Amino acid sequence: MNVVLKNNYISESEYLAISDECSERLELINGEIYAMSGGSGEHNTITMNLSGLLWSFLKGKSCRAFSENMRVKVSDDNIFYPDVLVDCNYDPNNPLFAGSPVLIIEVLSPSTADYDRGTKFNMYRQIASLEEYVIIEQKKMNVKIYRRINNWKPTHYRKGDDVEFQSIGLTEY
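Here the sequence shown stands for residues 3 to 175, where the numbers follow the working numbering.
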């Protein structure tokens, strides 16, 4: 998993101050700061391809796609950097956080897969605006989309399937 930098409770303001001075991406998880490890080349390729697809699709629309450098605040002591997200209420006056993410995508890494599927997913579900949570495996063509409208039950997609992001009206094959 990621490396814990400080193992005592850190407030949001302390986290932001530390994060501003650090060159690494830091997440705040239950009040503890974790340094995010870099992704593999495969991870980065998947993330960039998705970001480009979403950016092109959303061009001229009210929603915006972000990749890896936009924070999502679940609570005062849980702040994350999803791999990709779509925010339909982005406020340029508050560039630190996504305002109302409707779609969050995580590309699984061996070190974080269990966390992304479990604890992080449970935290993301607390975001009132979130409609879809997507998990993508790097090593095989396997995508799971969890939708609020389906009570967070997963829909599985495999190679050759049309993948639908209902929250933004995009179907991709």
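No residue lacks a Cβ here, since even glycine has one placed at the ideal position from N, Cα and C.
Keep in mind that this is a model prediction, so the values were computed, not measured.
{"Asked": "Proximal residues to Asp118 (C-beta, below 7 Å), its chain only, five neighbours per side dropped", "Found": "Glu108, Leu110 and Ile137"}
{"Asked": "C-alpha gap between Lys50 and Val86, whole angstroms", "Found": "For clarity, residue 50 is Met in the given sequence; the question names Lys instead. Using only the alpha carbons, I get a separation of about 9 Å."}
{"Asked": "Inter-residue Cα distance where the pair is Glu166 and Pro84", "Found": "19 Å"}
{"Asked": "Cβ neighbours of Glu14 in the same chain (closer than 6 Å, five flanking residues each side left out)", "Found": "Asp78"}
{"Asked": "Three-state secondary structure assigned by DSSP to Lys151", "Found": "Checking the sequence shown, residue 151 turns out to be Ile, not Lys. Three-state DSSP puts Ile151 in a helix."}
{"Asked": "When Gly101, Ile48 and Glu70 are compared against Ser64, the one with the closest alpha-carbon", "Found": "Gly101"}
{"Asked": "Beta-bridge pairing of Ser69 - partner residues as DSSP gives them", "Found": "Val86"}
{"Asked": "Collapsed DSSP secondary structure at Ser169 in the structure displayed", "Found": "coil"}
{"Asked": "Terminal residues of the beta strand (DSSP E) in which Leu30 lies", "Found": "Leu28 to Ile31"}
{"Asked": "Ala67 classed as buried or exposed, judged by whether at least 16 other C-beta atoms fall within 10 angstroms", "Found": "buried"}
{"Asked": "Of the listed residues Tyr148, Val145, Lys141 and Lys75, nearest to Glu44 (C-alpha basis)", "Found": "Lys141"}
{"Asked": "Range covered by the alpha helix (DSSP H) that runs through Thr47", "Found": "Gly43 to Leu60"}
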